[in-house]
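Encoded as structure tokens, the structure appears first; notes follow it.
Numbering (the working numbering), first residue to last: 98 to 295.
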């Protein structure tokens, strides 16, 4: 079976959704669109769709025996593109909501873990995802969804207050989950290196 099986097509579709999302966010930031109402909903919908289908490609691949090396590489890559790209653009447009220093930590962690995974697998050591990493991904998606949802609301919306309360909580939860999962991967890598040396 070629690399363009159903799970990999879904993964590639998520990459296209990310490209569309980034385009909308950039055009909103540049003021190309008059008002943010409809386009904020478009951005929110694009992100939620890309995030919600994250589990789908992997589930289908495992369920139907369609796991490929291409999919194992592309799925986490697309995850990072979706999350890191969105955080960077939100940071540029709303630094008070997505603080730059937090985004630097989040993106830096992704590069750190990718480097560790690449090195370990180059040494022939299987280096799959840890549970903390999956939980981190969910929390990141909740934080981004909360920020994008807030942008869909009018200035007199009753939902602004709850959104303004939720966003800092989810951002700090994202930071903690990011640091903890990074530590889990580092610990896993050290254990793998000890086995190699032993």
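Ideal Cβ positions, reconstructed from N, Cα and C, are used throughout, including at glycine.
- Between residue 244 and residue 195, the C-beta gap is smaller than 8 Å, which places the two residues in contact.
- Taking 8 Å as the cut-off, the beta carbon of residue 281 is found closer than this to the beta carbon of residue 229.
- The shortest C-alpha to C-alpha distance from residue 144 to any of 276, 179, 264 and 275 is the one to 179.
- When secondary structure is reduced to three states using DSSP, residue 162 falls in the coil class, being assigned neither helix nor strand.
- Nearest neighbour of residue 185 by Cα position, chosen from 218, 241, 137 and 168, turns out to be 241.
- Assigned with DSSP and collapsed to three states, residue 246 falls in helix.
- Look at the beta carbons and you see the segment 194-209 touching the segment 268-275: at least three pairs across the two are nearer than 8 Å.
- In this structure, the straight-line span from the alpha carbon of residue 218 to that of residue 182 is close to 25 Å.
- Comparing C-alpha distances from residue 149 to each of 278, 164, 255 and 239 shows the shortest one belongs to 239.
- For the pair of segments examined, the segment 205-212 was found not to touch the segment 113-129: the number of CB pairs separated by less than 8 Å stays below three.
- Between residue 249 and residue 138, the C-beta gap is smaller than 8 Å, which places the two residues in contact.
- Taken through DSSP and simplified to helix, strand or coil, residue 234 comes out as helix.
- Considering only 283, 171 and 251, the residue with the shortest C-alpha distance to residue 111 is 171.
- Relative to the Cα of residue 109, the nearest Cα in the group 175, 155, 140 and 260 belongs to 175.
- By the neighbour-count criterion, in which a residue is buried when 16 or more other Cβ atoms sit within 10 angstroms of its Cβ, residue 215 is exposed.
- DSSP, read as helix, strand or coil, puts residue 215 in helix.
- Within the model, the alpha-carbon separation for residue 147 versus residue 154 is close to 11 Å.
- A Cβ-Cβ separation of about 6 Å places residue 140 in contact with residue 118 under the 8 Å criterion.
- By alpha-carbon distance to residue 211, the top candidate from 262, 169 and 264 is 169.
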